[in-house]
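Residues 1 to 119 (full-length UniProt numbering) are what the sequence shown spells out, left to right. Quick notes on the structure that follows.
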Amino acid sequence: MESRRDLLSLRPNPAPHWDHLSILRDLPVALHNKVSLQYIPDRHLLDPVSFRHYLAVLSSIPWPGPEELCLAIADDVSNQVMPRWLQVTVTFSSSDGQQNQAVAQDTQPGWSGKPIIPL
């Protein structure tokens, strides 16, 4: 698990005093899954290239369902990046067009802000 988290590279947040939303949307991960990540950073920003590499590594792991994959991503990003607010969505699309979504959300203890709604 630690080596998986180590794949997530960080850079300093240029404006830690602002609440701003970072979004990575509809990235492929594992078989027939896509992940979207939204977060309000605190001190660090997640490097998008490292996140794509991280997702490629996750694609080599057999996941029982989108819930387990979603919770693993949320746990890894939350612990490595430590954002004020985080939401991870994993969407599984079957060959017959059915979709199953799992959503995980986390906040820092004591953070009382509200999530920013993207346009």
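Beta carbons are placed, not taken as given, at the ideal position from N, Cα and C, and that holds for glycine.
Annotation for N79: the continuous alpha helix (DSSP H) segment containing it runs P66 to V81. According to the DSSP assignment, H53 belongs to no beta strand (DSSP E) but to the alpha helix (DSSP H) extending over P48 to L58.
In the DSSP assignment, no residue is bridged to R25. Note: S36 is bridge-paired with T89 in the DSSP secondary-structure output. Between D42 and P16, the C-beta gap is smaller than 8 Å, which places the two residues in contact. Cα atoms of V90 and L46: separation of roughly 18 Å, rounded to the nearest angstrom. Closest in alpha carbon position to A104, among L24, A72 and L7, is A72. Between T107 and V81, the alpha-carbon positions lie close to 12 Å from each other. Non-local C-beta neighbours of S59 in its own chain, meaning closer than 8 Å and more than five positions away in sequence, comprise P28, V29, A30 and L31, ordered along the chain. When secondary structure is reduced to three states using DSSP, R43 falls in the coil class, being assigned neither helix nor strand. Under the DSSP assignment, D106 falls in the beta strand (DSSP E) whose first and last residues are Q99 to T107. Short of 6 Å from the beta carbon of Y54, and not among the five residues preceding or following it, lie these beta carbons of its own chain, in chain order: L7 and L8.
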